[in-house]
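The sequence shown begins at 15 in my numbering and counts up by one.
Here a beta-carbon is modelled for each residue, glycine too, at the ideal position from N, C-alpha and C.
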Amino acid sequence: MTLIDGQLIREHVKQECQKYKSIFQASQKEVAIIRFESSENASNELRARYEAARISAEQKVAIFNAIGITPNYIVLSPNIAVEQFDGIVQSINENTQVTAAIVQYPIPAKFTSSIGLLEPQKDIDIVRRQSNNFFESCATAEGIARIVESYAQRDSNVAVVGGGGFAGNGVIKYLEASRISCFCLEDGDDLTRTQEADIVVSVTGRRGIFTDYVLPSHRLVVDGGFTPTASGAAGDVDRSAYRIPQNITPVPGGVGPIEMAILAERLVKMDLGIELGKWDYQQLQQEQMQRATIIAPIARVFFAQQATAYPQSIRTEKENLFVLEGSNYQISFNSTTQSLTVARTNEKLTLIRLTLASNQIETARGITNEDIARWQQIQTAIDSTITQSTDRGIEL
Ligand SMILES: Nc1nc2c(c(=O)[nH]1)N[C@@H](CN(C=O)c1ccc(C(=O)N[C@@H](CCC(=O)O)C(=O)O)cc1)CN2
Numbered sequence: 015m016t017l018i019d020g021q022l023i024r025e026h027v028k029q030e031c032q033k034y035k036s037i038f039q040a041s042q043k044e045v046a047i048i049r050f051e052s053s054e055n056a057s058n059e060l061r062a063r064y065e066a067a068r069i070s071a072e073q074k075v076a077i078f079n080a081i082g083i084t085p086n087y088i089v090l091s092p093n094i095a096v097e098q099f100d101g102i103v104q105s106i107n108e109n110t111q112v113t114a115a116i117v118q119y120p121i122p123a124k125f126t127s128s129i130g131l132l133e134p135q136k137d138i139d140i141v142r143r144q145s146n147n148f149f150e151s152c153a154t155a156e157g158i159a160r161i162v163e164s165y166a167q168r169d170s171n172v173a174v175v176g177g178g179g180f181a182g183n184g185v186i187k188y189l190e191a192s193r194i195s196c197f198c199l200e201d202g203d204d205l206t207r208t209q210e211a212d213i214v215v216s217v218t219g220r221r222g223i224f225t226d227y228v229l230p231s232h233r234l235v236v237d238g239g240f241t242p243t244a245s246g247a248a249g250d251v252d253r254s255a256y257r258i259p260q261n262i263t264p265v266p267g268g269v270g271p272i273e274m275a276i277l278a279e280r281l282v283k284m285d286l287g288i289e290l291g292k293w294d295y296q297q298l299q300q301e302q303m304q305r306a307t308i309i310a311p312i313a314r315v316f317f318a319q320q321a322t323a324y325p326q327s328i329r330t331e332k333e334n335l336f337v338l339e340g341s342n343y344q345i346s347f348n349s350t351t352q353s354l355t356v357a358r359t360n361e362k363l364t365l366i367r368l369t370l371a372s373n374q375i376e377t378a379r380g381i382t383n384e385d386i387a388r389w390q391q392i393q394t395a396i397d398s399t400i401t402q403s404t405d406r407g408i409e410l
């Protein structure tokens with residue numbers, strides 16, 4: 015079983031979009047992201063959907079900020095009047111600084127027709143449920159279809175479970191446009207029919223419906239569900255079944271970040287008219303692995319050397335976590351898992367995770383050519399420290 019890393023895709027697309035960051039910043043363009051709060055009498059199930067909307071709205075704020083577009087994040091009470099919401103939508107339509115708008119689902123029923131007021135050309139996530147000049151369906155559907163395309167073979171057959179819903183239907187449209195054979199299963203259908211397919215997409219939002227009993231050994235399973243729980247987010251695939259498919263998108267960390275990548279790509283297309291090159295997940299992964307293979311041994315030697323020569327430079331963050339922090343990177347050693355991670359300083363994202371015993375790179379993402387150049391400089395500095403035996407501090 016291999017976990018597909020949605021953050022790898024998001025980081026790749028983010029870097030591509032950041033090439034236009036100064037243009038976006040100079041233009042002072044905005045994206046409106048609107049979500050409703052849950053009403054007090056909502057069921058637990060509905061509350062969970064509003065919570066998912068909050069989490070995904072915050073991810074959208076982060077990606078748009080990263081590429082230089084100002085997010086205008088609007089959180090609304092479900093008790094506002096319909097006229098008030100209509101007014102907000104109208105002002106978004108009229109404001110030329112606002113390139114795009116997203117209204118997070120679910121929305122209280124009384125506002126459904128207000129969504130139809132949104133100017134189609136600003137509808138980046140097809141929240142109006144109607145395609146526009148730019149896009150066929152929602153970003154989630156496109157992201158799922160793109161990951162399927164990375165794995166589909168000529169004779170592939172894709173089961174789209176929940177294919178009658180808006181996102182599922184969008185997936186089917188994208189797959190058909192790419193001439194990938196697919197069929198739709200609905201709530202209540204016999205889930206073992208997924209055995210007729212080599213790829214399964216699930217967008218039911220029904221937590222854990224795919225158990226190890228249901229799921230055969232597919233080439234790929236794409237889990238488009240996201241249900242927040244007290245112990246973290248859960249998808250449509252039960253954790254017990256993760257080991258079965260050859261490749262699976264985990265929740266969290268799979269389709270969620272891929273959706274953010276698609277939204278960033280879409281914004282570049284809508285605002286600048288630029289269509290970014292199509293990514294292929296397996297190709298991106300190979301590229302990242304090659305880059306990590308250059309950096310990981312340097313990080314390993316550097317950490318060991320610093321721990322011996324300058325033990326005071328290593329911070330004990332937790333009982334089992336030891337951190338060496340420079341102005342560019344942070345290297346952490348976890349003594350329980352015996353693994354080393356490399357991240358950029360002040361960023362949460364792990365670029366590389368290395369298991370020391372096997373020397374196996376478990377994670378490789380977000381690594382740029384500039385990172386390679388910096389680490390090669392570190393290598394040169396390490397070499398010269400060894401040959402000259404001089405005590406020169408190396409900038410990490
Ligand atoms: N108009 C829209 N409304 C809503 C969308 C949407 O894409 N467009 N998304 C849903 C909720 N959702 C999927 O159903 C969703 C939830 C979470 C994420 C996400 O980015 N998750 C990340 C981060 C997780 C975390 O921080 O815990 C991940 O999976 O890694 C995306 C989509 C609501 N309404």
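I need the boundaries of the alpha helix (DSSP H) containing residue i, first residue and last residue.
i, result
"F10", "Nothing can be reported for residue 10, as the shown portion of the chain is limited to 15 through 410."
"Y343", "No alpha helix (DSSP H) holds Y343; the beta strand (DSSP E) holding it covers 343-348."
"S164", "153-165"
"L199", "Run containing L199: none in the alpha helix (DSSP H); it sits in the beta strand (DSSP E), 195-199."
Taking residue i as the reference, give the member of the options with the closest Cα.
i, options, result
"G177", "Y165, D169, S170, E190", "E190"
"T218", "T126, D237, I272", "D237"
"R379", "I366, A371, R388, W389", "I366"
"T225", "Q104, I213, L205", "L205"
"N183", "E200, R221, Q167", "E200"
"Y34", "A278, T126, F347, Y256", "A278"
"T399", "A80, L354, F316, L338", "F316"
"V75", "V45, G101, S91", "V45"
"T126", "N79, F99, N147", "F99"
"R231", "A247, R257, F347", "A small fix is needed here, since residue 231 is Ser in this sequence, not Arg. Taking only the C-alpha atoms, the option nearest S231 is R257."
"V282", "R142, L363, N55, I81", "I81"
"P134", "I83, Q326, V235, N146", "N146"
"I223", "R233, D212, L234, G202", "G202"
"T243", "G20, A62, I18, I48", "A62"
"I69", "I262, I48, S41", "I48"
"Y119", "F149, E97, A166, F180", "F180"
"I262", "G246, M284, R142, R233", "R233"
"G340", "S353, Q352, Q320", "Q320"
Could you tell me if residue i is buried or exposed, where buried requires 16 or more neighbouring beta carbons within 10 angstroms of its beta carbon?
i, result
"T404", "Annotation note: pLDDT 47 at T404 (below 50); position unreliable, coordinate value reported separately. Exposed, because fewer than 16 other Cβ atoms sit within 10 Å of the Cβ of T404."
"N58", "exposed"
"N334", "exposed"
"E289", "exposed"
"V185", "buried"
"K43", "buried"
"T330", "exposed"
Would you tell me roughly how many angstroms separate the C-alpha atoms of residue i and residue j, rounded to the nearest one?
i, j, result
"D252", "G268", "15 Å"
"T359", "N93", "43 Å"
"R160", "T307", "27 Å"
"L286", "I386", "30 Å"
"F336", "Q29", "29 Å"
"E210", "S195", "12 Å"
"Y295", "P271", "13 Å"
"A313", "I345", "7 Å"
"T394", "E25", "28 Å"
"M274", "R221", "22 Å"
"S53", "A115", "23 Å"
"V215", "M15", "16 Å"
"N383", "F50", "41 Å"
"Q302", "S349", "25 Å"
"G249", "N86", "29 Å"
"F240", "V265", "7 Å"
"Y324", "I396", "14 Å"
With respect to the beta strand (DSSP E) encompassing residue i, which residues constitute its N-terminal and C-terminal limits?
i, result
"Y87", "84-90"
"T126", "Note, T126: premise wrong, no beta strand (DSSP E); alpha helix (DSSP H) at 126-129."
"I47", "44-50"
"Q352", "Note, Q352: premise wrong, no beta strand (DSSP E); not H, not E."
"R329", "328-332"
Confirm the yes/no value for this check: CB of residue i, any heavy atom of ligand 3, distance under 7 Å.
i, result
"T154", "Among the ligands present in this structure, namely ligand 1, ligand 3 is not found."
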